[in-house]
Amino acid sequence: MRPPQTMLDKLWAAHEVTRREDGVSLLWVDRHLVHEGSHHAFAKISERDLPVAEPGLTFAVVDHYAPTRNRSKIDAPQIARMIDTLRDNAAAHGLRLYDLDDPRQGIVHVVGPEEGLTLPGLLINCGDSHTSTHGAFGTLAFGIGATEVAHVLATQTVWQRKPRSMRISVEGTLGAGVTAKDIALGWIARLGTDGAQGHAVEYAGSAIRGLSMEGRMTLCNLSIEGGARFGMVAPDETTLAYLKGRRFAPKGAEWQAACVSWASLASDAGARFDREVTLDASEISPTVTWGTSPEQALPIRTPIPDPASLPPHKAEAARAALEYMGLKTGDMLEGTPVDQVFIGSCTNGRIEDLRAAAAVLKGRKARVPGLISPGSARVKAQAEAEGLDRIFIEAGLDWVASGCSMCVGMNGDLVGEGKRCASSTNRNFKGRQGRGARTHLMSPAMVAAAAVTGELTDVRPLLVGRVT
Amino acid sequence: MAGWHTHQGQAICLPVANVDTDQLIPARFMSVSRADGYGDYLLYDMRRDATGALRADFPLNAHPGASVILAGRNFGSGSSREAAVYALVDAGIRAVIAPSFGDIFAANAVNNGLLPAKVDDEGYAAVEAAVAKDPQSITIDLDARRLTIDAATIHFTIDDSWALKLKNGWDDIDLTRNYCEAIAAFKVNRSQTATWAWPAEVE
Numbered sequence: 006m007r008p009p010q011t012m013l014d015k016l017w018a019a020h021e022v023t024r025r026e027d028g029v030s031l032l033w034v035d036r037h038l039v040h041e042g043s044h045h046a047f048a049k050i051s052e053r054d055l056p057v058a059e060p061g062l063t064f065a066v067v068d069h070y071a072p073t074r075n076r077s078k079i080d081a082p083q084i085a086r087m088i089d090t091l092r093d094n095a096a097a098h099g100l101r102l103y104d105l106d107d108p109r110q111g112i113v114h115v116v117g118p119e120e121g122l123t124l125p126g127l128l129i130n131c132g133d134s135h136t137s138t139h140g141a142f143g144t145l146a147f148g149i150g151a152t153e154v155a156h157v158l159a160t161q162t163v164w165q166r167k168p169r170s171m172r173i174s175v176e177g178t179l180g181a182g183v184t185a186k187d188i189a190l191g192w193i194a195r196l197g198t199d200g201a202q203g204h205a206v207e208y209a210g211s212a213i214r215g216l217s218m219e220g221r222m223t224l225c226n227l228s229i230e231g232g233a234r235f236g237m238v239a240p241d242e243t244t245l246a247y248l249k250g251r252r253f254a255p256k257g258a259e260w261q262a263a264c265v266s267w268a269s270l271a272s273d274a275g276a277r278f279d280r281e282v283t284l285d286a287s288e289i290s291p292t293v294t295w296g297t298s299p300e301q302a303l304p305i306r307t308p309i310p311d312p313a314s315l316p317p318h319k320a321e322a323a324r325a326a327l328e329y330m331g332l333k334t335g336d337m338l339e340g341t342p343v344d345q346v347f348i349g350s351c352t353n354g355r356i357e358d359l360r361a362a363a364a365v366l367k368g369r370k371a372r373v374p375g376l377i378s379p380g381s382a383r384v385k386a387q388a389e390a391e392g393l394d395r396i397f398i399e400a401g402l403d404w405v406a407s408g409c410s411m412c413v414g415m416n417g418d419l420v421g422e423g424k425r426c427a428s429s430t431n432r433n434f435k436g437r438q439g440r441g442a443r444t445h446l447m448s449p450a451m452v453a454a455a456a457v458t459g460e461l462t463d464v465r466p467l468l469v470g471r472v473t
Numbered sequence: 108m109a110g111w112h113t114h115q116g117q118a119i120c121l122p123v124a125n126v127d128t129d130q131l132i133p134a135r136f137m138s139v140s141r142a143d144g145y146g147d148y149l150l151y152d153m154r155r156d157a158t159g160a161l162r163a164d165f166p167l168n169a170h171p172g173a174s175v176i177l178a179g180r181n182f183g184s185g186s187s188r189e190a191a192v193y194a195l196v197d198a199g200i201r202a203v204i205a206p207s208f209g210d211i212f213a214a215n216a217v218n219n220g221l222l223p224a225k226v227d228d229e230g231y232a233a234v235e236a237a238v239a240k241d242p243q244s245i246t247i248d249l250d251a252r253r254l255t256i257d258a259a260t261i262h263f264t265i266d267d268s269w270a271l272k273l274k275n276g277w278d279d280i281d282l283t284r285n286y287c288e289a290i291a292a293f294k295v296n297r298s299q300t301a302t303w304a305w306p307a308e309v310e
């Protein structure tokens with residue numbers, strides 16, 4: 006009898022064209038997503054005069070440099086040039102392009118699932134580390150660099166050594182105001198930003214089953230912040246309900262055939278993982294980062310740590326982080342004043358994220374300025390249909406178009422030097438949101454709470470008596 | 108890309124953990140064409156003070172001829188931007204020695220001839236002891252997976268297939284040409300056994 010297999014084993018085997026003697030596999034790529042940053046890769050294939058092998062499986066999205074205001078006339082020439090280069094490459098190779106004026110444009114990791122391009126059982130590559138997002142559907146999805154992007158463009162395959170397997174099981178029920186973001190920051194704080202290096206993480210357990218697709222995407226998205234290039238969740242009824250009827254998803258008999266195939270993707274009972282970690286959902290609280298690495302995160306009602314109390318290999322980094330962040334050991338995280346807020350990104354820019362933020366902001370005023378950039382034009386339209394935009398605008402926040410925006414600042418949406426931003430994004434690296442910017446990562450509801458009070462705040466009391 | 112077996116150069120110490128890709132090259136420089144060179148952007152903000160002037164005490168500023176960097180754990184964590192590797196390579200860096208590397212960064216490094224040499228705690232301490240104060244001459248032997256610095260010999264690890272690639276200067280697109288038939292056969296099989304894996308026709 007065949008030994009029990011993990012979902013990783015099954016996905017890997019289904020895409021393996023060949024395996025070299027040294028153990029490295031050549032994998033077939035079902036979907037390749039490209040964006041403005043893929044310009045190096047296009048340059049590499051044009052140097053060699055190579056065509057795109059599978060234009061029908063390659064999709065181009067304007068997101069990293071997408072202006073969130075005044076899109077019809079881009080002032081900064083280097084931003085206009087990046088977008089024009091993608092347009093030129095998409096046209097030259099016959100690729101479907103989601104351009105700025107497309108009602109389906111958005112951040113690549115939001116658009117893929119929305120369009121039904123992301124499906125269980127597929128292998129998806131993109132020249133972006135948050136490609137792990139798509140793993141939420143039971144997809145083998147991982148970020149690659151420019152040389153690999155060029156290789157996928159030219160061959161529709163990618164060389165890769167199979168990672169080790171790791172299962173993070175979260176059992177129990179999350180408390181009110183506790184989200185997938187808090188699960189992610191919680192495990193990364195515990196295991197470190199290199200905690201899952203070399204591994205593909207499968208998330209399992211009752212708390213994961215209870216998450217919406219949006220929540221699962223947030224969780225898988227942040228896998229890379231814990232060092233894992235891959236994150237995944239087995240497909241189930243929640244997955245199918247999300248995908249059915251999506252534009253590029255299979256229809257009719259194809260849908261039925263796909264569902265049969267997807268039903269066997271989950272890890273077999275008794276499958277062995279190289280590493281197992283179990284978390285108790287009831288012990289997870291709203292979490293914020295205090296430093297310059299996603300592992301420097303703590304529950305909101307915790308004092309800022311003393312570097313001397315940390316393990317020696319983390320102490321020096323903590324000292325440097327506190328200095329950069331302008332924080333003092335022993336002060337409570339809660340109550341730290343912020344200068345501005347941001348809600349958006351491939352991590353937390355989906356409709357459910359905006360609803361969670363609106364539930365906090367409804368009828369309240371923000372005490373600090375802030376930007377809300379929906380993850381896609383479709384999320385924007387949906388939010389407007391639900392009246393969420395009114396809630397944000399009445400609170401005093403800016404409601405703008407979709408793109409990577411202030412998560413990475415390439416489009417000019419930046420946090421000023423020394424300014425402190427409560428942010429629903431994925432990286433609190435030094436300078437990530439702008440030179441000298443101080444980023445605190447947290448869930449969208451927690452960002453909304455920070456907007457209302459003007460300081461890092463436990464969202465839970467603000468949710469009492471509200472429908473969330 | 109030219110392969111290499113040994114390298115002799117000057118090693119400097121950057122004893123910081125989690126030197127992420129956003130520090131290696133801030134996003135604002137990433138629209139530059141590769142032909143223009145990325146070397147000037149390497150660790151752009153880290154090597155400058157608040158006024159924007161180059162910090163004299165920063166090892167890369169003091170020793171611009173260095174070709175090997177010793178760094179703390181989780182070097183290159185974060186984004187998939189290959190520009191982080193371009194910045195290192197264009198600044199003349201041939202190897203980074205660290206206890207661990209971001210997975211995507213390490214793959215990108217090898218694709219550009221840059222060695223991500225992994226050392227254990229003992230190896231790290233030995234290299235650090237040698238280079239902590241002043242840059243030192245170092246010899247890297249890729250065949251033997253060995254660093255020689257001062258009087259010390261330190262072993263490093265790297266995936267076998269990556270070492271082979273560095274030594275031969277192989278380019279994956281060239282290598283994959285040998286598998287054209289297997290890829291074509293795989294595609295035919297998948298298109299018959301998993302028709303749903305192709306995007307549905309849309310109007």
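The listed protein sequences derive, respectively, from chains A and B.
Heads up: the first sequence begins at 6 in the numbering used here, then just goes up one per residue.
Heads up: the second sequence begins at 108 in the numbering used here, then just goes up one per residue.
The C-beta atom is built at its ideal place from N, Cα and C for all residues, glycine as well.
As the structure is a computational prediction, the values presented were derived from the model and not from experiment.
Exposure of residue i, with buried meaning 16 or more beta-carbon neighbours within 10 Å
i        : result
Cys287/B : exposed
Gly296/A : buried
Gly28/A  : exposed
Ser77/A  : exposed
Gln345/A : buried
His318/A : exposed
Glu288/A : exposed
Pro242/B : buried
Val183/A : buried
Asp336/A : exposed
Leu161/B : exposed
Pro306/B : buried
Ala96/A  : exposed
Gly250/A : exposed
Ser314/A : exposed
Pro125/A : buried
Glu120/A : buried
Pro108/A : exposed
Pro449/A : buried
Residue(s) in a DSSP beta bridge with residue i
i        : result
His549/A : Outside the shown range of chain A, which is 6 to 473, sits residue 549/A, and nothing can be said about it.
Met171/A : Val206/A, Arg280/A
Phe147/A : Asn130/A
Phe64/A  : Leu38/A, Arg101/A
Trp164/A : Leu31/A
Leu303/A : Val293/A
Lys225/B : Ala205/B, Thr264/B
Phe235/A : Ala205/A
Residue i, DSSP secondary structure in three states
i        : result
Phe397/A : helix
Gln83/A  : helix
Leu402/A : coil
Gly191/A : helix
Pro317/A : helix
Asp248/B : strand
Met222/A : helix
Lys15/A  : helix
His20/A  : helix
Val452/A : helix
Gln117/B : strand
Met337/A : strand
* beta strand (DSSP E) segments (min. 3 residues) lying fully within the region 239-297 of chain A -> Listed in chain order, the complete beta strand (DSSP E) runs (minimum 3 residues) inside the region 239-297 of chain A are 280-285, 292-294.
* **Contact residues within the region 16-38 of chain A, judged by C-beta distance below 9 Å to chain B** => Ala19, His20, Glu21, Val22, Thr23, Arg25, Asp27, Gly28, Val29, Leu31, Trp33, Asp35, Arg36
* **Near-chain B residues of the region 316-341 of chain A (beta-carbon distance less than 8 Å), N- to C-terminal order** => His318, Lys319, Glu321, Ala322, Ala325
* To do: Pick out the complete alpha helix (DSSP H) segments inside the region 148-185 of chain B, 4 residues or longer, and give them in chain order.
  => 166-169
* Asked: Going along the chain, which residues of the region 138-157 of chain A sit with their C-beta nearer than 9 Å to a C-beta in chain B?
  -> Residues are counted here when their Cβ sits less than 9 Å from a Cβ of chain B; for the region 138-157 of chain A these are Phe147, Gly148, Ile149, Gly150, Ala151, Thr152, Glu153, Val154, Ala155, His156, given in chain order.
* Within 7 Å of chain B by C-beta, residues of the region 296-311 of chain A in sequence order -> Ser298
* To do: Go through the region 380-450 of chain A residue by residue and report every complete run of the alpha helix (DSSP H) that reaches 4 residues or more, in order.
  => If we require 4 residues or more, the alpha helix (DSSP H) runs fully inside the region 380-450 of chain A come out as 382-390, 393-400.
* **Residues in the region 112-126 of chain A having any Cβ partner in chain B nearer than 8 Å** => Answer set for the region 112-126 of chain A: Gly121, Leu122, Leu124, Gly126.
* **Contact list for the region 243-256 of chain A against chain B, Cβ threshold 8 Å** => From the region 243-256 of chain A, only Arg252, Phe253, Ala254, Pro255, Lys256 have a Cβ closer than 8 Å to chain B.
* To do: Would you mind listing the beta strand (DSSP E) stretches within the region 235-283 of chain B that are 3+ residues and don't spill past its ends, in chain order?
  => 243-248, 253-256, 259-262
* Interface positions of the region 140-155 of chain B facing chain A (Cβ-Cβ less than 7 Å), listed along the chain -> Arg141, Asp152
* Enumerate, from N- to C-terminal direction, the unbroken alpha helix (DSSP H) stretches of 4 or more residues contained entirely within the region 342-374 of chain A. => DSSP runs (the alpha helix (DSSP H)) wholly in the region 342-374 of chain A: 350-353, 356-366.
* Could you name the residues of the region 422-435 of chain A whose beta carbon sits closer than 8 Å to any beta carbon of chain B, in the order they occur along the chain? => Per Cβ criterion, the list reads Arg432, Phe434, Lys435.
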